[in-house]
Structures are given as C-alpha cells and as structure tokens.
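Residue numbers (the working numbering), protein chains in the order written: chain A, 19 to 254; chain G, 19 to 254.
There are 2 protein chains.
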Amino acid sequence: MNRDRKSPGYSRSIEDYLKAIYELESEGSPAQTSAIAEALNVAPPSVSGMVKRLSESGLLEHAPYRGVQLTRTGRRTALKMVRRHRILETYLTTKLGYDWDSVHDEAERMEHAVSDGLIERMAMALGYPRHDPHGAPIPTKDGEVDEQEDLVPLIDVPVGGMAELRMVSDRDPELLRFVASLGLRVGVSFEVIGRQPFKGPTAIRLAGPHAKERDQVIGHELAEGLSCVVLGGEVG
Amino acid sequence: MNRDRKSPGYSRSIEDYLKAIYELESEGSPAQTSAIAEALNVAPPSVSGMVKRLSESGLLEHAPYRGVQLTRTGRRTALKMVRRHRILETYLTTKLGYDWDSVHDEAERMEHAVSDGLIERMAMALGYPRHDPHGAPIPTKDGEVDEQEDLVPLIDVPVGGMAELRMVSDRDPELLRFVASLGLRVGVSFEVIGRQPFKGPTAIRLAGPHAKERDQVIGHELAEGLSCVVLGGEVG
DNA sequence: TACTAAATTTAGGCTCGATTAACTTTTTAG
DNA sequence: CTAAAAAGTTAATCGAGCCTAAATTTAGTA
Numbered sequence: 019m020n021r022d023r024k025s026p027g028y029s030r031s032i033e034d035y036l037k038a039i040y041e042l043e044s045e046g047s048p049a050q051t052s053a054i055a056e057a058l059n060v061a062p063p064s065v066s067g068m069v070k071r072l073s074e075s076g077l078l079e080h081a082p083y084r085g086v087q088l089t090r091t092g093r094r095t096a097l098k099m100v101r102r103h104r105i106l107e108t109y110l111t112t113k114l115g116y117d118w119d120s121v122h123d124e125a126e127r128m129e130h131a132v133s134d135g136l137i138e139r140m141a142m143a144l145g146y147p148r149h150d151p152h153g154a155p156i157p158t159k160d161g162e163v164d165e166q167e168d169l170v171p172l173i174d175v176p177v178g179g180m181a182e183l184r185m186v187s188d189r190d191p192e193l194l195r196f197v198a199s200l201g202l203r204v205g206v207s208f209e210v211i212g213r214q215p216f217k218g219p220t221a222i223r224l225a226g227p228h229a230k231e232r233d234q235v236i237g238h239e240l241a242e243g244l245s246c247v248v249l250g251g252e253v254g
Numbered sequence: 019m020n021r022d023r024k025s026p027g028y029s030r031s032i033e034d035y036l037k038a039i040y041e042l043e044s045e046g047s048p049a050q051t052s053a054i055a056e057a058l059n060v061a062p063p064s065v066s067g068m069v070k071r072l073s074e075s076g077l078l079e080h081a082p083y084r085g086v087q088l089t090r091t092g093r094r095t096a097l098k099m100v101r102r103h104r105i106l107e108t109y110l111t112t113k114l115g116y117d118w119d120s121v122h123d124e125a126e127r128m129e130h131a132v133s134d135g136l137i138e139r140m141a142m143a144l145g146y147p148r149h150d151p152h153g154a155p156i157p158t159k160d161g162e163v164d165e166q167e168d169l170v171p172l173i174d175v176p177v178g179g180m181a182e183l184r185m186v187s188d189r190d191p192e193l194l195r196f197v198a199s200l201g202l203r204v205g206v207s208f209e210v211i212g213r214q215p216f217k218g219p220t221a222i223r224l225a226g227p228h229a230k231e232r233d234q235v236i237g238h239e240l241a242e243g244l245s246c247v248v249l250g251g252e253v254g
C-alpha cells in the first residue's frame, strides 16, 4: 500500500512552512512569525495557528512571542524540500531547456507532488549536481548542505578586486533576467572597477573575450543580492 | 501575475473528478454517482456534493438520479488532464527509466502540479508521441483523441488468428508486471492458438524469434483487459 | 401493481488551512 | 521609565472536501 509515496506524508502547507522556516533560519536568528507570514503570503494569525500544530507534532520549537526553530525532524523535512526544489530546478534547466528565471515557480509546485524516487532518478540523470542553476547548494539525500562560507555580496568586493559570481536568489524572475542581460551568470568572473558612495552603483568589467559591453554598472540593491567569491589575483 | 500557472486553476479534486467522469463516459453511457465514487475512492455523498458544485460551474450537466455528463468546457479540462497524465507517463518511462508498471501513481500526482508549458516541453522532447507506454492515445493540445475503433479485447480474437497487443490499462501495476512477464508489450504480435470455453483461458504463441516460452496461457479476466488489433494474415 | 433492494441525495458534522477583529506582549522612543 | 507602536496570539468564522446517517427516488420482482 506504500510503494514510493511521499514518506511520512506531510501536507503541502506543512512542507511550505518548514521550508520557509528553514530558509529564514539560515539567514541567522530564529524565524519570526511575521517573516514566515510574508514568505508564505499568508496572514500572521495563520502562522500562529500552524506553528502551534507543527510544534505539537515535534517539527519545531516555539518560544511564544520570540520565534520558532526547527527540530532535527523538522529540519530533515525542510532539507528534503530544499533538495527537491533545487534538483527540480536543475533538471528543468538542464534537460528541458528552461531559463534560470522561469524554473522557480514550476519547481515550487512540483516539489510537493513528486516522489523521492523521481528526485533520485533526476539527480542521477544529472550526475548528482552540487549546485542549482542559481548557484545554491543542493542538500544531499541525507541532509548535508555545503554552506559556502566564503561568499560575499558584490557590494563588499573591494574596488580593483577580481571576483566570480557564485549565487543569486531564485525568487525574482525579473531580477534574474536583468542579471543575465548584463552578461552575468553563475561562474562568470569580473573585475570591480568602481563604486560610488551613498549606496551608489558598482561598476564591473567582465573577464574574458566577451563581445561588447564588457563594462556594466550595477545598482546597490542588486549588488547586495549577488553572492561572489573574491579571487586571489589583483589587477593593476 | 499569471505567467504560466495552471490556467483557470481548478482544484486538484475538481481535476480528478473531471478526469474520472471523462474516463467513465468514454466507456459509453453517462457516469453514475457510484461509479465516480468508486473511481475516486470516495463516498457517494461526496460525489453528489461535488457534482452539484461542478454543474453550477458549468463543467457538467446533472440529471438528478440519472447521472452526469461533461459539458464542452468540462470535457476540455478532462482531456487536458488525460493529456498531462499520458505525456508524463511517456516521459517518465522514456527519459527517466521508469517501468510501465510504476508510472501511473507518479503521473497521477504530478499532473496536478505541472504547468502547460512543462507538458509541452516534455511532449516536444518526446517528439509529440501519439500513445503512452500502455498504448493509450494521447489527446492533442486542443483536445483531439485518436479513438482507435479497431481494437478488440483478446477474448474476441478468434482462435487461429494473428493479433497485436495495442493497449493495456495502466491502473494495476501487478497486472502490468504480470503481462510483461509473459513477454507481452504494446506492439508485440502473436497467434491465438486456443481458447477454453466457460470463461477459460486463451492460449497464444508469440511471434518472432522470442527465446523460450513462446507459448503462454492467459486467463479470461486478464484477456478481457488486453486490447488488440486483429492482423490480416491467417495462419494454418 | 405493490413492495423491496439498490442507488442517490439531503442533512449534519469534521478537519485543514485560511481570514478578520480584538487582545496581549514586547520593543522602542521620548 | 513610560507610552505608543509593532509584533504576536486568541477568538470567531469561513470554504473546500470529505464523512456517516437518514431520507428519497428509481428499478426490479413477486
């Protein structure tokens, strides 16, 4: 009666809550009610209600008025959802020709419907990738995540330094299209050739024999969202 | 706000009802409450309730105590679900190494989660197949189905005649595994070499240079479920 | 034709996950 | 240190879909 269903069988909602909480937690500090509500596009009292149920089920711990933390079990499920999401995104771009800006919503819906077995088949077909198309690390089947501590936002890369784009949030398709239109992709490296004060733009020069428009200017807010690794070599 | 979501956005339940009703209708006669209930594993009053809502939404017509018929709109959605299901089954077997007995459940869940765009990409990747792995016809994007009128159940293929297996229900994995274990697949042809009366078994001989066990015996009930096309050539 | 069995619908309830309105706790600013 | 603002929780409802029990309609048979 249970060949390859979705193991313990949490509801779609529960899976969404756990994943959202995980993602908030990984930005440090316990997840707050309002943040969860915003992430899930739901009113705060809905979160309070669900949080109560989830903590009664042992998926998270709730310090009233203080926020929420995943338990070991809760984190396991959350990581499973993150893995599903990122494997799906990778599969859709690699095998079905999706662009990196259009995979998020599709994966968001599919991640609740597919079986563990399908995810593993996709992972195998992809050669067990470590990162999704936006550079986010794909948790392993038993919940290990490569945390990538050396990443810094582009705004913190010093002028004159070389860096490589390593990760962009997958949330905003517009943003992803814009980033791509600048010639930037995960793995592309560049030199930071200037930065204006007062939250002004950062100027970069793409490395390699890129056609025209090797020089680009990136606004402050966007530059905050581009996670880079600073490369050793300095440039004159 | 609506890039490639699931167009009008019916609920999972509604999609299931419409598809089930379509499948019952295509066996002739309007779909009865109890038959729908059984197909969906739901109590009859649940069907009455849903039927009321669906007919108020114009997706079907309800003659109380008489059964239910899809409207044009209802049929369109039902066919969309059938197309999704069969494309998914074909994709999973062709591209991800699933066996024909294990795709049904996976497709059943995925068909509610994926977008039209994903289905079309899969269809394209497959070269727009006309039939799924069980031989069932795949409706086109605009709802045309190849009805295959020349199919007869194996029990009606006369002894001495040649036939080719063209379609098996995808519902029962056990049955599909068993059929496969006999050396039968969609497209395999064989001669009917005997049939016992009183709902007794049918004996067949597989065509071509099949290893050992070219002769197989198939019980009455199973033989009812194997849709074949009778081939022109007679055999001594 | 009347009576029973089967099929269907109605009535009443439940759970899940969401909402708004009202209340409580925590944080922050003066 | 206190008062207002912000954040969180509780209470009361709602709708979708399901259920069981109790009518009701249809169908089949004596």
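Beta carbons: idealized from backbone N, C-alpha and C, even for Gly.
Note that the structure is predicted; figures quoted are calculated from it, not measured.
For residue 223 of chain A, the pairing in a beta bridge is given by DSSP as A:209, A:233. Sequence-distant Cβ neighbours of residue 30 of chain G in its own chain, meaning closer than 7 Å and more than five residues away, are 130. One finds nothing in chain G with a Cβ atom closer than 7 Å to the Cβ of residue 64 of chain A; even the nearest lies about 19 Å away. Counting only Cβ-Cβ distances below 8 Å, residue 130 of chain G has contacts in chain A at 131, in chain order. Not flagged as an interface residue toward chain G: residue 35 of chain A, since no C-beta distance is shorter than 9 Å.
Cβ contact annotation for residue 42 of chain G (same chain, cutoff 7 Å, sequence separation greater than five): 49, 53, 54, 57, in chain order.
For residue 147 of chain G, the three-state secondary structure derived from DSSP is coil. In this structure residue 110 of chain A touches residue 121 of chain A by the C-beta definition: roughly 5 Å separates them, less than 8 Å. Within 8 Å of the CB of residue 115 of chain A, the CB atoms of chain G belong to 139, in sequence order along the chain. Counting only the Cα atoms, residue 211 of chain A lies some 6 Å from residue 177 of chain A.
Contact between residue 237 of chain A and residue 186 of chain A is ruled out by a C-beta separation of about 14 Å, above the 8 Å threshold. The closest CA to that of residue 92 of chain G, considering only G:171, G:40, G:209, is found on G:40.
Contact residues of the segment 191-215 of chain G toward chain A are 191 (C-beta to C-beta distance below 9 Å). Proximity of chain G to residue 143 of chain A at the Cβ level (cut-off 9 Å) is accounted for by 113, 114, 115, in chain order.
Pairing residue 156 of chain A with residue 218 of chain A, the inter-Cα distance amounts to about 33 Å. DSSP, reduced to helix, strand and coil, places residue 122 of chain A within a helical segment of the structure shown. Looking at the DSSP output, residue 155 of chain A bridges to A:149. Secondary structure of residue 69 of chain A (DSSP, three-state): helix. Around the beta carbon of residue 151 of chain G, 16 or more other beta carbons sit within 10 angstroms, so the residue counts as buried.
Excluding the 5 residues flanking it on each side, residue 171 of chain A has same chain C-beta neighbours closer than 8 Å at 241, 242, 243, 244, 245, 246, in chain order.
Residue burial is scored here from C-beta neighbours: residue 107 of chain G has at least 16 other C-beta atoms within 10 angstroms and is therefore classed as buried. Of all residues in the segment 83-101 of chain A, none places a beta-carbon less than 7 Å from a beta-carbon of chain G. DSSP places residue 182 of chain A inside the beta strand (DSSP E), whose first and last residues are 179-186. Residue 62 of chain G carries a helical assignment under DSSP once its states are collapsed to helix, strand and coil. Interface annotation, residue 104 of chain G: not in contact with chain A, CB-CB separation never under 9 Å. Residue 100 of chain G sits away from residue 153 of chain G, with the two beta carbons spaced by 9 Å or more.
Using a Cβ distance threshold of 9 Å, residue 127 of chain A and residue 133 of chain G count as a contacting pair.
Taken atom to atom, the span from the alpha-carbon of residue 34 of chain A to that of residue 80 of chain A is near 17 Å.
At a cut-off of 9 Å, the C-beta of residue 127 of chain A has a neighbouring C-beta in chain G. Here residue 222 of chain A has 208, 210, 234 as same chain residues with Cβ atoms under 6 Å from its own Cβ, once five neighbours each way along the sequence are excluded. For residue 77 of chain G, no alpha helix (DSSP H) run applies, since DSSP gives it neither H nor E.
For residue 191 of chain A, the three-state secondary structure derived from DSSP is helix. Within chain G, no C-beta atom comes nearer than 7 Å to that of residue 58 of chain A; the closest sits roughly 17 Å away. Excluding the 5 residues flanking it on each side, residue 175 of chain A has same chain C-beta neighbours closer than 6 Å at 181, 210, 246, 248, in chain order. Non-local beta-carbon contacts of residue 163 of chain G in its own chain, meaning distances under 6 Å to residues more than five positions away in sequence, involve 155, 157 in chain order. A distance below 6 Å between beta-carbons, with the five flanking residues on each side excluded, links residue 194 of chain G to the following residues of its chain, in chain order: 118, 119.
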